[in-house]
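Notes to accompany the following structure.
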Amino acid sequence: MKIFLISSWLLLGSYFSMGQNVIQVEYFLDADLGFGNNTLVNITPLPDGTFPFTVNLGGVSVGYHKLYIRTKDSDGKWSRTSRKNIEVTSPASSRVMTGEYFFDADPGFNAGNPITISSQDTAILQNFTAATATLPIGYHKLYIRLKDNNGNWGQAARRNMEVVNLPVSVVKGGEYFFTSDPGVGNAFPVTFANPLADGTFSFNIPLDNIPTGADTLYVRVKDSVNQAWSLTRWQTDSLVTSVQSGLWSDVNTWSNHKIPASTTVVILRHNVIVDIVAFCKSLTPYRNDVRVTVNQGIILNITGH
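Per this note's numbering, the very first residue in the sequence shown carries number 932; after that it's consecutive.
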């Protein structure tokens, strides 16, 4: 059985006096049999609102039809008749199964570049990527057509397009800073031996560039084409420096007031005594006379990662 589910929304203040309820809906297809003589639908009485109901399309021919809807109020008065255009399809309707695209000249059916249809249906919305690497620079015509489950091809749709040669932008360098931003282009510069469009880049930071109290590293990079800077990214608590001599377990020893973790790079500017089982990623004395002392029975774990 073919059915059509519809929600009818009618604002009835224009047709009925205030205080009346909508108590009934009737609908018909194509031909009006007269008020009250069409298919009646009982609804929950309301002054106005949304009234969902199901239209029985059994016996209705495949194709386009006009669906008419009107409502009746508690005084027996009918509203104006609203019309909707609908299409009745057969359960055995053709489905889009595959497709193809080509540029400029038609190579013939089944000879274009294939388009994979992810959800086969009578109507689809499908994204695909057209390969343009072999096309010369300039204007071209892109053609697309689809094939159904009966092997029938639809008409080719055309789109005008232009192939341009854009320079490839790569990350060629950047800059970093601590504590406060000196302004774009004014921080410590870095360059990369192997510039890439994207990737992982490493660089060394001299100890003298790390100020006392630093606990956040800020980094931004610049592209090679437009000299445009990226957003500034930062890593908080990835770096910590000592701000006074003292115990490892004392948060006042560290610039971020936190005990270093296994992912923390530690820069020692003062003598520190390790009095608890401790962790850090790396440990670097700022000067040769700076010492780290590990108490007996205590372990300092330097993870290196």
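Backbone N, C-alpha and C fix where the C-beta goes; we use that ideal spot for every residue, glycine too.
What did DSSP end up calling residue i once you bin it into helix, strand or coil?
| i | result |
| --- | --- |
| Leu-1138 | helix |
| Thr-1172 | strand |
| Val-1156 | coil |
| Asn-1183 | helix |
| Asn-1226 | coil |
| Asn-969 | coil |
| His-1201 | coil |
| Gln-915 | It is not possible to answer for residue 915, since the shown part of the chain is limited to 932 through 1236. |
| Lys-933 | The predicted model places Lys-933 with a pLDDT of 42, which falls under 50 and marks its position as unreliable; any figure quoted below should be read in that light. If DSSP states are grouped into helix, strand and coil, Lys-933 belongs with coil. |
| Phe-1132 | coil |
| Lys-1008 | coil |
| Arg-1218 | coil |
| Ser-938 | Because the pLDDT at Ser-938 is just 40, under 50, the model does not fix this residue reliably, and the value given afterwards should be weighed accordingly. If DSSP states are grouped into helix, strand and coil, Ser-938 belongs with the strands. |
| Gly-980 | strand |
| Pro-926 | Any answer about residue 926 is impossible in this case: the structure gives the chain only from 932 up to 1236. |
| Ile-1233 | strand |
| Lys-1212 | coil |
| Pro-1126 | strand |
| Val-993 | coil |
| Thr-1110 | coil |
| Leu-964 | coil |
So, for residue i: in the same chain, excluding its five sequence neighbours on each side, which residues have a beta-carbon less than 7 Å away from its beta-carbon?
| i | result |
| --- | --- |
| Ile-1068 | Val-1094, Val-1095, Asn-1096 |
| Leu-1148 | Tyr-1107, Phe-1109, Trp-1165, Gln-1166, Ser-1169, Leu-1170 |
| Phe-1123 | Val-1102, Lys-1103, Gly-1104, Phe-1132 |
| Pro-1142 | Phe-1109, Thr-1110 |
| Met-1028 | Ile-1048, Gln-1051, Lys-1078, Asp-1079, Asn-1080 |
| Asp-961 | His-996, Lys-997 |
| Phe-1040 | Trp-1084 |
| Ala-1145 | Phe-1109, Thr-1110, Leu-1170, Thr-1172, Ser-1186 |
| Phe-959 | Asn-969, Thr-970, Tyr-999 |
| Phe-966 | Trp-1009 |
| Ile-1055 | Val-1027, Ile-1048 |
Bridge partners for residue i per DSSP, in chain order?
| i | result |
| --- | --- |
| Ile-1192 | One point to set straight first is that residue 1192 is Ala, not Ile, in the sequence displayed. DSSP, once it has assigned bridges, lists no residue as partnering Ala-1192. |
| Tyr-1013 | According to the sequence displayed, residue 1013 carries Ser and not Tyr. In the DSSP output, where bridge partners are listed per residue, Ser-1013 has Ile-1000. |
| Val-956 | Val-972, Thr-1002 |
| Thr-880 | Nothing about residue 880 can be read from this structure; the chain reaches only from 932 to 1236. |
| Leu-1178 | Ile-1204 |
If you drop the 5 nearest sequence neighbours on each side, which residues of the same chain put their C-beta closer than 8 Å to that of residue i?
| i | result |
| --- | --- |
| Ser-1213 | Val-1196, Val-1197, Ile-1233, Gly-1235 |
| Asp-1206 | Leu-1178, Trp-1179, Ser-1180, Asn-1226, Ile-1229 |
| Val-1221 | Leu-1199, Arg-1200, His-1201, Asn-1202 |
| Gln-951 | Leu-943, Pro-978, Asp-1004, Ser-1005, Asp-1006, Lys-1008 |
| Ser-1025 | Thr-1053, Asp-1079, Asn-1080, Asn-1081, Asn-1083 |
| Ile-1017 | Phe-935, Tyr-995, His-996, Lys-997, Leu-998 |
| Ser-1100 | Ala-1128, Asp-1154, Ser-1155, Val-1156, Asn-1157 |
| Leu-1162 | Arg-1151 |
| Val-1174 | Thr-1143, Gly-1144, Asn-1183, Thr-1184, Trp-1185, Ser-1186, Arg-1200, His-1201 |
Here's a check: name, in chain order, each residue in its chain whose Cβ is nearer than 6 Å to the Cβ of residue i, leaving out the five neighbours to either side.
| i | result |
| --- | --- |
| Asn-1140 | Phe-1119 |
| Thr-1063 | Val-1094 |
So does residue i have its beta carbon nearer than 7 Å to some heavy atom of the ligand SAH?
| i | result |
| --- | --- |
| Trp-1179 | No copy of the ligand SAH appears in this structure; indeed no ligand is present at all. |
I want to know whether the segment 1105 to 1120 touches the segment 1068 to 1088 - three or more CB-CB distances under 8 Å.
no
Minimum length 3: unbroken beta strand (DSSP E) runs contained in the segment 1019 to 1101
1027 to 1034, 1044 to 1047, 1069 to 1079, 1088 to 1094
Does the contact criterion of 3 or more C-beta pairs under 8 Å hold for the segment 1150 to 1163 versus the segment 1178 to 1196?
Because the criterion of three Cβ pairs below 8 Å is not met, the segment 1150 to 1163 and the segment 1178 to 1196 do not touch.
Quick test of the definition: if touching needs 3 or more C-beta pairs under 8 Å, does the segment 1001 to 1017 touch the segment 1029 to 1040?
no
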